[in-house]
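The structure appears below as structure tokens.
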Amino acid sequence: MYLTNLEERMLSGENGEVLQRMFRLLVRLGEIYGADRMIPINSSQVAGVSYKSIGDPGIEFLEDYASKNAKVKVVTFLNPAGMDIEDWQKLNIPPGFAEKQLRIMNAFKRMGIVVSATCTPYLAGNLPRFREHIAWSESSAISFSNSVIGARTNREGGPSALAAALCGVTPNYGLHLDENRKPQMLVEVNAKLGDSADFGALGYVVGKQVKNRIPYFRGIKDVDTDQLKALGAAMAASGAVALYHVEDMTPEAHLMETKGLERLSVSDKDVNETFSKLTTGKEPDIVILGCPHSSLKEIMMVSRKLEGKKLKKPLWICTSRMVKEAANRMGFTQTIEAAGGKVVADTCMVVSPIEDMGYKTTAVNSGKAANYLPGFCKQSVIFGRLDSILEKVTA
Ligand code: F3S
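The sequence shown maps to residues 51 to 445 in the numbering used here.
Here's what the structure looks like:
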């Protein structure tokens, strides 16, 4: 792989031990995947933030790097942490967990990383442009940035995204290259889709079939940003889809050739069966919305539906700190709190320790969350459309 003089110097350790180790990791990745060179990136998003995922070894690693004065070169956001960094006490997060989580956040902050912990950085101030090279590591954010924005990122792991953030470059392979962004399967959608949960169910079905290939959707007549984020998140979870195209909707779709592609057809029956297939519980102990993190519009919708109502069970809406600030300002948070719910920032149902907080059955409107909650959080799941979920828990 071609390296510039500056990069050679980084590799030889001239810029310190941290950069040497991190750059070595990028070179190794580049060699494995046949990259010709490094390319500059303009933003990064680092996963491996929750204490639940990285544990004590993760804290030691991050504090070591922070103490060696490692600093990121590009705007870098974090994936959700294990708790709301400001309101963790209100959520009854165990104090021992909170202390460790705060140490992790502090180490990231010392590295110059924006301690905004969200899987929707594009809704919170880190919005790449079309064709911009980035290094992101949360699967739904990767899918959204590649597909809906047309930016370019591979499915980075936490370490490789951190390495790219510290070095300012990433190896040029995979989805950074035009030739690897072509569709590999044509998905004909013959289903009526309305609620975002329908798109999550569709994504779940397609991800299972497509695995890590690139689907091209035909037949989706109308879709908004929130529905696309639900679709991509579910496909990235049930499969490993990092890029998809939707005819007439996503920015690269019109450049793509679909002749001769293997076909998959998805019907109403497939979508409806997914709700029952992923539902393993009966009565929810808690409702958690916001997977991926909610947009302001989604919070507004929930606040309107809860106006004047009382919740019989706890309800969280997960979002980014920035969107929560706007929701506070608009009074949406107050309406939701008056009903007994919470707008929770910085975290999500999968990376927070809900299984240690007495919850056994969680109701969600997200195909991704429905897929992950049994394994990651030992939860029984109720997967449904927003109205049907709220109906179960409102008086
Ligand atoms: Fe985001 Fe957590 Fe879902 S990271 S996509 S809210 S599982």
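We treat Cβ as the ideally placed atom computed from N, Cα and C, and that holds for glycine.
Around the C-beta of residue i, are 16 or more other C-beta atoms found within 10 angstroms, so that it is buried, or is it exposed?
i      : result
Gln151 : buried
Ala445 : exposed
His304 : exposed
Thr168 : buried
Lys418 : buried
Leu177 : exposed
Asp13  : Nothing about residue 13 can be read from this structure; the chain reaches only from 51 to 445.
Leu173 : buried
Leu281 : buried
Gln95  : buried
Gly80  : buried
Thr369 : buried
Arg371 : buried
Thr300 : buried
Gly310 : exposed
Phe180 : exposed
Tyr409 : buried
Please determine whether the Cβ atom of residue i lies at a distance below 7 Å from any heavy atom of the ligand F3S.
i      : result
Glu188 : yes
Lys418 : yes
Ala283 : yes
Tyr172 : no
Asn129 : yes
Tyr266 : no
Cys427 : no
Pro403 : no
Pro342 : yes
Val394 : no
Val400 : yes
Cys217 : no
Tyr115 : no
Tyr409 : no
Tyr223 : no
Tyr422 : yes
Please state whether DSSP places residue i in a helix, a strand or coil.
i      : result
Gly340 : strand
Ile367 : strand
Ala120 : coil
Leu177 : coil
Ile270 : coil
Ala185 : strand
Lys263 : In the sequence as displayed, the identity of residue 263 is Arg instead of Lys. If DSSP states are grouped into helix, strand and coil, Arg263 belongs with coil.
Lys392 : strand
Tyr52  : strand
Asn92  : coil
Arg435 : coil
Leu293 : coil
Asn378 : helix
Thr412 : strand
Pro403 : coil
Asn204 : coil
Met299 : coil
Asn65  : coil
Val321 : helix
Leu361 : strand
Would you check if the distance between the CB atom of residue i and the CB atom of residue j is smaller than 8 Å?
i      : j      : result
Pro130 : Cys427 : no
Ile270 : Val337 : no
Val237 : Leu356 : no
Thr329 : Phe433 : yes
Thr288 : Gly244 : The amino acid occupying residue 288 in the given sequence is Ser; Thr does not appear at that position. Contact: no.
Arg263 : Gln234 : yes
Ser344 : Asn240 : no
His183 : Pro334 : no
Ser34  : Gly358 : Given a span of 51 to 445 for the chain in the structure shown, any question on residue 34 remains unanswerable.
Cys217 : Met51  : no
Asp396 : Asp134 : yes
Met88  : Pro209 : no
Val198 : Leu293 : no
Leu212 : Ala157 : no
Ala284 : Leu76  : no
Would you check whether the ligand GDP has a heavy atom nearer than 7 Å to the C-beta of residue i?
i      : result
Gly207 : What this structure holds is the ligand F3S, not the ligand GDP.
Looking at the C-beta of residue i, does it have a partner C-beta in chain D at a distance below 8 Å?
i      : result
Phe147 : The structure shown contains no chain D, having only a single protein chain.
Touching by the beta-carbon criterion (3+ pairs, under 8 Å), the segment 348-362 and the segment 407-424 = Under the Cβ criterion (8 Å, minimum of three pairs), the segment 348-362 does not count as touching the segment 407-424.
Counting pairs of beta carbons, one from the segment 133-153 and one from the segment 185-203, are three or more of them closer than 8 Å?
-> no
Counting Cβ pairs closer than 8 Å, one from the segment 213-229 and one from the segment 318-332, do we hit at least three?
-> no
With a cut-off of 8 Å, do at least 3 Cβ pairs link the segment 161-175 to the segment 123-137?
-> yes
Taking three-plus beta-carbon pairs below 8 Å as touching, is the segment 384-400 in contact with the segment 361-369?
-> With three or more CB-CB distances shorter than 8 Å, the segment 384-400 counts as touching the segment 361-369.
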